[in-house]
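Report on one structure; see the data block that follows.
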Amino acid sequence: MTVDSVQTLQKAYEHVDDIDLFPGIMSETPVKGALVGPTLSCIIGEQMQRLKKCDRFYYETSDRMIRFTSDQLAEIRKTSMARIICDNSAYASRIQSNVFLMPDDLVNSPMKCSEISGMDFTKWAERDYCVVDGRIVSMGKTRNITPCVSCTCTLEGVG
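Okay, so the sequence shown: first residue is 1 according to the UniProt record's numbering, each after it adds one.
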């Protein structure tokens, strides 16, 4: 905190333990590279961890009944805010790949929306087969791909 912030809080509160959360976090100096101070940074980080770890429907869950296949997860991870803006704007034709940073000709230069990769939704198509190295393997069947490698087609993909 700046000296001015400390002095202002000293005038408003009798003891440091009496400082209310909001005035305290708003008085903190932001941590390097952030807009918030260490206390709010910690609170936000803790909340994000709880949202991820405690949400049984979080997209990276290991629950066999609701999890995505590895191919589906790979497609989800391709998603970017730039792609979302391009897909949902009638006016966006060029945009920097990291929309949260200012455009920069060296490391974050604007590109055509058509150059930003999107998701392949065919990974969600329900099939009763898997494709391995161009070969079709029926659901529940095992096929030898090489003399040392065999693959079984399951609802979750090839195992």
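Just so it is clear, CB atoms sit at the ideal spot from N, CA and C, and this is done for glycine as well. Bear in mind that the values here come from a model prediction, so they are computed numbers and not experimental data.
Since I believe residue j is in contact with residue i (beta carbons under 8 angstroms), could you give me their beta-carbon distance rounded to a whole number of angstroms?
i      : j       : result
Ala-75 : Met-119 : A quick correction: the sequence has Glu, not Ala, at residue 75. Going by Cβ atoms, the distance from Glu-75 to Met-119 rounds to 5 angstroms, so yes, they are a contact pair.
Ala-90 : Cys-113 : The pair is not a contact, with the Cβ atoms about 11 angstroms apart (cut-off 8 angstroms).
Going by DSSP, name the residue or residues bridged to residue i.
i       : result
Pro-110 : Gln-96
Ser-150 : Asn-144
Where residue i and residue j are concerned, what is the direct C-alpha to C-alpha distance, given to the nearest angstrom?
i       : j       : result
Thr-154 : Thr-142 : 9 angstroms
Gln-10  : Leu-21  : 15 angstroms
Arg-83  : Gly-33  : 25 angstroms
Ser-62  : Cys-42  : 26 angstroms
Cys-148 : Gly-140 : 19 angstroms
Ile-95  : Val-107 : 13 angstroms
Pick out whichever of the options has its Cα sitting closest to the Cα of residue i.
i           : options                            : result
Ser-97      : Leu-40, Trp-124, Cys-86            : Cys-86
Tyr-129     : Lys-78, Ser-138, Asp-71, Val-36    : Ser-138
Ala-125     : Ser-109, Glu-156, Ser-114, Ile-116 : Glu-156
Ile-116     : Arg-127, Thr-79, Cys-151           : Thr-79
residue 161 : Gln-47, Asn-144, Asp-4, Glu-14     : Within the shown structure, residues of the chain are numbered from 1 to 159, placing residue 161 beyond reach of any answer.
### Message
Quick check on the DSSP output: what are the complete alpha helix (DSSP H) runs of length 4 or more inside the segment 43 to 94, in order along the chain?
### Response
Along the length of the segment 43 to 94, whole alpha helix (DSSP H) runs at least 4 residues long occupy 70 to 77, 81 to 88, reported in chain order.
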